[in-house]
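Asker: Oh and the sequence shown: position 61 is 61 in full-length UniProt numbering, straight run, nothing missing. Here it is: the structure, laid out below.
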Amino acid sequence: MAFLGTLCLILVLTTLAGNFANRLGVPAVIGELLIGIIIGPALLNWVQLNSLVSLFADIGVVILMFLGGLESNLQLLMKYLKPAIVVATSGVIFPIAMMGLASWWWGFTPLEALFIGVIFSATSVSISVAVLKEYHALSTREGATILGAAVADDIMGVILLSLMISLLASQGIQAAGSQPALGLVLLEQVAFFGGTYVVVKWIAPYLMHLSERLVMASSVTIMSMVICLSMAWLADIVGLSGAIGAFFAGIAVAHTPYRAVLADHVEPLGNAIFIPVFFVSVGLNMTLDHLADNLGIIVGLTVLACLAKLLGCGLGARLCGFDLKSSTVIGTGMIARGEMGLITAQIGHQAGLLGGADYSAMILVIVLATIIAPLVLKQALKGMPQPAAE
């Protein structure tokens with residue numbers, strides 16, 4: 001029952017923090033992220049990232065990405081698929097090169113430096129989705145490119161993680177946990193996206209129509225959550241982020257007559273409980289262990305983590321014909337890091353590549369980059385036109 005008190009504390013504080021952030025003209029998610037740092041191990045240590053908090057956070061990111069899919073335009077996403085792939089590719093190459101070289105210069109071994117580059121090649125678009133929603137920019141060509149690039153980035157992240165585990169094994173370093181063959185993982189992911197097309201085209205419309213005929217309160221909303229959670233679960237099984245599955249579930253349901261009803265029902269559910277816990281959980285990852293010893297590395301890598309995605313993804317967008325302002329929006333929208341980076345860092349720690357101090361420093365850099373991302377994205381969005389969905 002202690003968790004109920006923790007949940008109450010989180011909801012009260014995130015509501016107040018979001019209110020103050022909005023009054024200051026700052027994205028509300030910044031206030032919620034800071035609450036996680038204040039009440040977490042970094043400062044007051046009132047709340048720890050235990051299994052229940054993690055569970056609610058996982059549900060929160062799934063609902064957030066479902067809402068992102070619900071508000072997205074599939075035709076716009078398909079139209080900007082090619083730029084999204086280019087943006088994702090350049091946004092992976094730049095962090096590996098910049099972060100890897102910087103880490104090597106700071107004294108890490110070549111293998112450790114490469115591993116650090118891979119840690120920061122991944123993007124977590126969930127927080128960017130929250131900012132894009134807040135500023136009504138999801139259904140723009142920049143928003144579509146960011147979302148498409150996030151999907152491609154997640155697939156590349158899985159491939160890089162598998163390759164790094166194979167490289168560790170070849171060096172006689174055993175990473176924790178058994179990993180399936182890369183070819184099998186890619187085959188499963190191809191099957192997942194093929195199944196997603198079937199869900200969008202036939203299964204979701206049929207299930208949503210069926211739910212309307214059920215004599216049950218909120219049957220339409222319940223069915224949409226069944227589709228959302230099942231697709232998130234399947235995405236997780238094939239090695240993708242559950243957030244990607246939830247995003248495509250939102251797209252599937254958006255192409256039914258129930259889109260407006262679901263937005264009205266699901267968004268309050270997410271914002272009332274689960275989504276604030278997700279943002280707080282990011283801050284709970286942060287500790288100040290070995291901060292003084294690694295301050296130079298933390299500051300330097302944080303700056304590089306932001307610049308690598310901004311320059312890499314921004315350059316990819318420019319190569320695809322976006323102007324400088326749009327390219328900046330796309331670059332800043334890809335800065336946030338998340339679960340794939342945390343997982344990769346943890347594997348490096350368990351394999352002995354990253355010692356306790358270095359591991360804490362990497363986690364801190366991931367959290368700092370994630371906090372900075374909404375601020376710079378908000379600045380980049382200022383003055384951007386909001387065209388109707390194409």
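Glycine is no exception: its CB is placed at the ideal position from the N, C-alpha and C atoms.
1) Identify, in the order they occur along the chain, each residue of the same chain with its Cβ nearer than 7 angstroms to the Cβ of residue 382, setting aside the five sequence neighbours on each side.
2) Nearest-angstrom Cα distance between residue 335 and residue 12?
3) Between the alpha carbons of residue 375 and residue 135, how many angstroms are there, rounded?
4) Using only the alpha-carbon positions, how far apart do residue 384 and residue 331 sit?
5) Under the rule that 16 or more other beta-carbon atoms within 10 Å means buried, what is residue 251, buried or exposed?
6) Which one of 27, 14, 102 and 3 has the shortest CA to CA distance from residue 307?
7) Quick one: residues in its chain with C-beta nearer than 7 angstroms to the C-beta of residue 29, no 5 flanking neighbours on either side, listed in chain order?
8) Is it true that the segment 247-262 meets the segment 221-235, where meeting means three or more beta-carbon pairs spaced less than 8 angstroms apart?
9) Mind checking whether residue 71 and residue 276 have CB atoms under 8 angstroms apart?
10) Is residue 235 near the ligand FAD, judged by its Cβ being under 7 angstroms from some heavy atom?
11) Based on Cα-Cα distance, which residue from 4, 15, 5 and 3 lies nearest to residue 272?
12) On a Cα-Cα basis, can you pick out the residue from 239, 289, 297 and 380 that is closest to residue 327?
13) At what residues does the alpha helix (DSSP H) containing residue 129 begin and finish?
14) Should the segment 51-62 be called in touch with the segment 253-268, which here means at least 3 C-beta pairs below 8 angstroms?
15) With the cut-off set at 8 angstroms, would you say residue 81 and residue 148 are in Cβ contact?
16) Taking only the alpha-carbon atoms, compute the straight-line gap between residue 350 and residue 356 and give it to the nearest angstrom.
17) Where does residue 374 fall in DSSP's three states?
18) Quick check: is the beta carbon of residue 374 nearer than 8 angstroms to any beta carbon in chain C?
19) From which residue to which residue does the alpha helix (DSSP H) around residue 310 run?
20) What are the boundary residues of the alpha helix (DSSP H) that includes residue 274?
21) Using beta-carbon positions only, say whether residue 239 and residue 158 come within less than 8 angstroms of one another.
22) Starting from residue 348, trace the alpha helix (DSSP H) both ways and give me its first and last residue.
23) Given residue 83, which residues of its chain have a CB within under 6 angstroms of its CB, disregarding the five upstream and five downstream residues?
24) Taking a contact to mean a Cβ-Cβ separation below 8 angstroms, would you say residue 244 touches residue 323 in this structure?
25) Rank 215, 44 and 192 by C-alpha distance to the C-alpha of residue 237 and give the top, closest one.
Answerer: The answer reads as follows:
1) none
2) 28 angstroms
3) 12 angstroms
4) 14 angstroms
5) buried
6) Measuring from the Cα of residue 307, the nearest candidate turns out to be 102.
7) 127, 130, 131, 279 and 374
8) yes
9) Taking 8 angstroms as the cut-off, the beta carbon of residue 71 is found no closer than this to the beta carbon of residue 276.
10) As presented, the structure is devoid of all ligands, the ligand FAD included, so that no description of it is given.
11) 15
12) 380
13) It spans 126-134 - the alpha helix (DSSP H) in which residue 129 sits, taken as one unbroken run.
14) no
15) yes
16) 10 angstroms
17) Helix.
18) Considering every chain present, this structure includes no chain C. It has just one protein chain.
19) 295-319
20) Premise fails: residue 274 is in no alpha helix (DSSP H) and is neither H nor E.
21) yes
22) 339-350
23) Only 145 and 320 meet the Cβ criterion.
24) No. Outside cutoff.
25) 192
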